[in-house]
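Undergrad: One structure, as structure tokens, below. Some questions next.
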Amino acid sequence: MRRLKVPGIATLAINVKGADLLFLDHLAPEDLEEHDKRMWRAAGVDVDKKPFRRVIVYTPLKEDGINRYSLRSNPAADIPGYSETRDFALGIQDIWSYLSLFFDKASTTVSALIAEIEQYLDETHPYGFTLADILALFEQEIRKPQNARKSSRWENFNLNTIRAVEQRFRSLPATLKGLIDVTGKGFGLDKLTDLQPYDMIVVDIERIMANPSDLQVADSAIKIITAYILKQLTEAMTKGTCGVDHVIVFADELNRLAPRNGNGGIGEYLSQLARTTRDRGIVLFGAGQFRSGINEDILKAASVHYSMRTPEHELSDRMYTPLSQEFKARLTQLEPGQALLQYPSLRTAVFTQFPRPFVMSGAQTWKEHFPPVEDRSLADCVFQRISRLDSEHAPLLSTVRDVLEGIIQAQPSQKKSDVQKDLLNLLRNVEIYYSHSNNLPAKLSPWQKFVENIAITYPMKKIDITQTPTPPNFLADEEEW
336 MRRLKVPGIA TLAINVKGAD LLFLDHLAPE DLEEHDKRMW RAAGVDVDKK PFRRVIVYTP
396 LKEDGINRYS LRSNPAADIP GYSETRDFAL GIQDIWSYLS LFFDKASTTV SALIAEIEQY
456 LDETHPYGFT LADILALFEQ EIRKPQNARK SSRWENFNLN TIRAVEQRFR SLPATLKGLI
516 DVTGKGFGLD KLTDLQPYDM IVVDIERIMA NPSDLQVADS AIKIITAYIL KQLTEAMTKG
576 TCGVDHVIVF ADELNRLAPR NGNGGIGEYL SQLARTTRDR GIVLFGAGQF RSGINEDILK
636 AASVHYSMRT PEHELSDRMY TPLSQEFKAR LTQLEPGQAL LQYPSLRTAV FTQFPRPFVM
696 SGAQTWKEHF PPVEDRSLAD CVFQRISRLD SEHAPLLSTV RDVLEGIIQA QPSQKKSDVQ
756 KDLLNLLRNV EIYYSHSNNL PAKLSPWQKF VENIAITYPM KKIDITQTPT PPNFLADEEE
816 W
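In the working numbering, the protein residues as written are 336 to 816.
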């Protein structure tokens, strides 16, 4: 008898709200009711066994570049040999195609300047460029007075346009938090397509979406991440470099990604993928609050539709016209786990029921087992980032703590949080400065440069940044107290 090959399938989901997708590596069969267990048994699934081969959760970082910006911040959540949490950030080239999302109705001259910057950096940085490279280019070349830009490729650009574009680039680290890699080309998601059969991959941007300081930026973040992930997967599956036959991708918030009205989302891109990627092994599952608010091209490209409990005002939309009044009435009364299924091969829509997941879910359960850990101190973060720049001339951690605490404690209590932000901005400027080879070797180490910038911003008594070497004849165990 000929044995059929079981296709290798991996699953990827983008977590945009809550923690339901962040702890799929932890079983919770005790939460199931008997009818849930019966459904799982009927499907041939053992609820006491791990459902995946690997679980990998990608999380962005906070502004400090060290602490995780995620509800899954507790390292105890990882199960050795089965699951792990990986940090990630995007480089400026990763989001270049979507820069228009950060410019309000970009003019022709703005678009021309951005295109000229890209062409220049492609010529001068054949191995890729960073946001720091762009900011340095503005400072060294583009932002010069008009007479100093004569006979250069930046000659015809208005200084107001230059300043506006530069300011938008400089604001990206503050608006995107740890999602953008300032001095590097991005990290973490470069291994996104290294998939194995039965992998479960989760990309978490929930904290970026929750209570955002800028709603437009939050919308842009989910669009960029989704488009970037789908592009990476499409290219890898087309080239055959993924270790699986199929990838199932779950994308939430379709109403924001691909709104029905207007072209502010990436609906055209998603509908194109839905039509063209099935033969490459990519299957898209999209979820949204209301079907009436989703791009119609997406809905037409979808072969299967599930409808959960739906309010009456939504059912009045024209797209629900084919449903009978009986079906509409029942849709308003569905319980969790129940859904209406519409599929071309079925002559009519049918109602279905799904069992409760046997992995950890819910709004509170995860807090009991893996409560969020406290952030490391500002001093610890600064010490680690300064050490990355120049490990040979890194300061002592105690020195960093003394300097930063002295600055912060000297300020009024109502200004202390602002001072911390200022210190992080100063640190970011140092990182940008030392990320360019033309600034090395420098007279000052990164730590000395950082302290110099602090002294300019917060004039105080002179800070001693020298270190007294330990006498060679000093023996700690002979000291008498």
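We put the CB at the ideal spot given by N, CA and C, even for glycine.
State the beta-bridge partners of Arg389 as determined by DSSP.
TA: Asp534
Undergrad: On the premise that Phe785 lies in contact with Val765, defined as a C-beta separation below 8 angstroms, what is that separation, rounded to the nearest angstrom?
TA: 5 angstroms
Undergrad: Let me know if Asn541 comes out buried or exposed under the rule of 16 or more other beta-carbons within 10 Å of its beta-carbon.
TA: Checking the sequence, you will find Glu at residue 541 rather than Asn. With 16 or more Cβ atoms within 10 Å of its Cβ, Glu541 is classed as buried.
Undergrad: Taking Ser651 as the reference, which of Lys663, Arg644, Tyr641 and Ala609 has the closest Cα?
TA: Lys663
Undergrad: Can you grab the Cα-Cα spacing for the pair Val382 / Met695, in whole Å?
TA: Cα to Cα, Val382 sits roughly 12 angstroms from Met695.
Undergrad: If you measure between the beta carbons of Asp632 and Ser659, is that distance less than 7 angstroms?
TA: no
Undergrad: What are the boundary residues of the beta strand (DSSP E) that includes Tyr563?
TA: Careful: Tyr563 lies outside any beta strand (DSSP E), inside the alpha helix (DSSP H) at Leu550 to Lys574.
Undergrad: Over what stretch of residues does the beta strand (DSSP E) that includes Gly621 continue unbroken?
TA: Ile617 to Gly621
Undergrad: Checking 7 angstroms against the spacing of the C-beta atoms, do Leu396 and Gly513 come in under that value?
TA: At the C-beta level, Leu396 and Gly513 come within 7 angstroms of one another.
Undergrad: Per DSSP, what are the beta-bridge partners of Asn350 in this structure?
TA: Asp539
Undergrad: May I have the straight-line CA-CA distance separating Leu347 from Asp360, to the nearest angstrom?
TA: 14 angstroms
Undergrad: Applying the 10 Å Cβ sphere with the 16-neighbour rule, what's the burial state of Ile791?
TA: exposed
Undergrad: Name the one or two DSSP bridge partners that Pro594 has.
TA: Pro594 pairs with Ile629.
Undergrad: Return the Cβ separation of Ala674 and Met643 in integer angstroms, given the expectation that the two are a contact with Cβ distance under 8 angstroms.
TA: 5 angstroms
Undergrad: For the putative contact between Tyr393 and Asp534, defined by C-beta atoms under 8 angstroms, what is the C-beta separation to the nearest angstrom?
TA: At roughly 12 angstroms, the Cβ-Cβ gap does not stay under 8 angstroms, so Tyr393 and Asp534 are not in contact.
Undergrad: DSSP state of Ala664, grouped into three classes?
TA: helix
Undergrad: For the 8 angstroms Cβ check, are there 3 or more pairs between the segment 401-413 and the segment 727-742?
TA: Too few Cβ pairs lie closer than 8 angstroms, so no.
Undergrad: For Ile427 versus Leu466, is the C-beta spacing smaller than 7 angstroms?
TA: yes
Undergrad: Output the boundary residues of the beta strand (DSSP E) element that contains His581.
TA: It spans His581 to Ala586 - the beta strand (DSSP E) in which His581 sits, taken as one unbroken run.
Undergrad: Compute the distance between the beta-carbons of Gln719 and Ile401, then report whether it is under 7 angstroms.
TA: yes
Undergrad: Quick one: what's got a C-beta closer than 6 angstroms to Phe492's C-beta in the same chain, skipping five residues either side?
TA: Excluding positions up to five away in sequence, the list reads Leu448.
Undergrad: Do you know whose CA, among Ala377, Asn760, Gly343 and Ile344, lies nearest Phe689's CA?
TA: The residue with the shortest Cα to Cα distance from Phe689 is Ala377.
Undergrad: Assuming Tyr769 is part of the alpha helix (DSSP H), what are its boundary residues?
TA: Lys751 to Tyr769
Undergrad: How many Å lie between Ile637 and Tyr604 at the Cα?
TA: Going by the sequence as given, residue 637 is Ala instead of Ile. Straight-line Cα distance between these residues: approximately 14 angstroms.
Undergrad: Is the segment 510-525 in contact with the segment 415-424, if contact means three or more CB pairs nearer than 8 angstroms?
TA: Because the criterion of three Cβ pairs below 8 angstroms is met, the segment 510-525 and the segment 415-424 touch.
Undergrad: Using the C-alpha atoms, what's the distance from Ile789 back to Gly741?
TA: 11 angstroms
Undergrad: Taking the alpha helix (DSSP H) that Asp366 belongs to, which residues open and close that run?
TA: Here Asp366 belongs to no alpha helix (DSSP H), and DSSP marks it neither H nor E.
Undergrad: In three-state DSSP terms, what is Phe809?
TA: The pLDDT assigned to Phe809 is 43, lower than 50, so where the model puts this residue is not dependable, and the model offers no usable value.
Undergrad: Leaving out the 5 sequence neighbours to the left and right, which residues in its chain are closer than 6 angstroms to Leu810 when beta-carbon positions are compared?
TA: For Leu810, the pLDDT reaches just 43, beneath the cut-off of 50, and the residue's location in the model is therefore unreliable, leaving the point undetermined.
Undergrad: Thinking C-beta only, is Arg691 closer than 7 angstroms to Leu367?
TA: yes
Undergrad: Are the segment 560-570 and the segment 520-537 in contact at 8 angstroms, needing three or more beta carbon pairs?
TA: Result yes; three or more Cβ-Cβ pairs closer than 8 angstroms.
Undergrad: To the nearest whole angstrom, what separates the beta carbons of Val582 and Ile617, a pair I think is in contact under 8 angstroms?
TA: With 8 angstroms as the limit, Val582 and Ile617 qualify as a contact, their Cβ atoms being about 5 angstroms apart.
Undergrad: The alpha helix (DSSP H) with Phe686 in it runs from where to where?
TA: Careful: Phe686 lies outside any alpha helix (DSSP H), inside the beta strand (DSSP E) at Val685 to Gln688.
Undergrad: Could you tell me if Trp431 is buried or exposed, where buried requires 16 or more neighbouring beta carbons within 10 angstroms of its beta carbon?
TA: Trp431 comes out exposed.
Undergrad: Relative to the alpha-carbon of Met544, which residue among Ala483, Ile743 and Asp554 has its alpha-carbon at the smallest distance?
TA: Asp554
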